Each structure stands twice: as C-alpha cells, then as structure tokens.
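Just add 583 to the spot in the sequence shown (first one is 1) and you have my numbering.
Structure first, commentary second.
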Amino acid sequence: MPLLNQIILLFGLNLLDALLTVVWVRSGVATESNKLMAELLDIGNFPFLFVKILIGAVTALVLFRYANRPITRYCLTIALVVYGGLMGVHLLTGMSAFGVLPDNVIQGLAFASGHALAVVLP
C-alpha cells in the first residue's frame, strides 16, 4: 500500500476512534482511559473532537513531510497495528453494548489480555 494511503488510513482510524469514543462514553458503555482526553471529554464533545482531530492531522502532516525516511514507514506500521487493535476493542465494546457478547466473555478477554501483557511487559 502506498505511504500516502497508509497516512490517510491512519487519520481515518483516528477519526473513527474519536467518534466511537464519544458514542461509547456518552451512552455509558465505556470510559475514556486517557486522562487528558477524558478531561476534554468532560468539557464537551467539541473540545475532545477538535484536539483528537488536530493531533491526527499534525501526525499525518509530520508523516507526510518525512515520508522519505525509513523510520517513517516503521512508525506508521506500528501506529496502524495499534489502531487496528484499538478498533478491535471498539468492536468488542459495541458487541457488548448491543448484547451480542455476554459480560462474562468480555471479562474473560480482559483477564486474558492482562495476563498476556504481564508476560510481555516485565
């Protein structure tokens, strides 16, 4: 996939993350775990979305500006993998919110992922 398409995809995933976060938090299904972004969300949807989109736009511009450097591709790949995982979390949150997955399945996944991280991160 061309680098520009990957940058656009990353920005799109950032935007989707912001919108889904507002939906889940406002509906009481989830909380924002990033304390700074949670404070912005407490102020209102617009400040949260503005900062989230601004961060995504600045990131996209920096990645585009330094597209000729090899580290850019590595960082972009890592960011896309992280956002892919985050979209998985949003999917599970939505499935739980709509009753597709029972709460004990979500708790089991959280327990298993916590143990997996404990093994990976000393």
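The C-beta atom is built at its ideal place from N, Cα and C for all residues, glycine as well.
Please read these numbers as outputs of a predicted model, since none were measured by experiment.
Assign residue i to one of three DSSP states: helix, strand, or coil.
i, result
"L674", "helix"
"V605", "helix"
"T536", "The chain is shown only over 584 to 705; residue 536 falls outside these bounds and no answer can be derived."
"A650", "coil"
"G639", "helix"
"G682", "coil"
"M620", "helix"
"G627", "coil"
Let me make sure I understand the geometry here. Which of the options has the alpha-carbon closest to that of residue i?
i, options, result
"T642", "S679, R652, A601 and L659", "L659"
"L669", "Q589, N588, P630 and L598", "L598"
"G677", "L587, V608 and M584", "V608"
"G671", "L692, R652 and N687", "L692"
"Q589", "G611, V683, G667 and K618", "G667"
"N628", "N651, S610, Y649 and F647", "S610"
Could you give the C-beta distance for residue i and residue j, rounded to a whole number, given that I count them as a contact under 8 Å?
i, j, result
"E622", "T604", "With a Cβ gap of about 14 Å, E622 and T604 do not count as contacting."
"A569", "I636", "An answer regarding residue 569 cannot be provided, because it is not within the stretch 584 to 705 covered by the chain."
"L586", "R656", "7 Å"
"L624", "F633", "Not really, about 11 Å apart at Cβ, beyond 8 Å."
Flag this pair as touching only if the region 660–669 and the region 586–596 have three or more C-beta atom pairs under 8 Å; answer yes or no. As far as the Cβ criterion goes, the region 660–669 touches the region 586–596, which means the pair count is three or higher.
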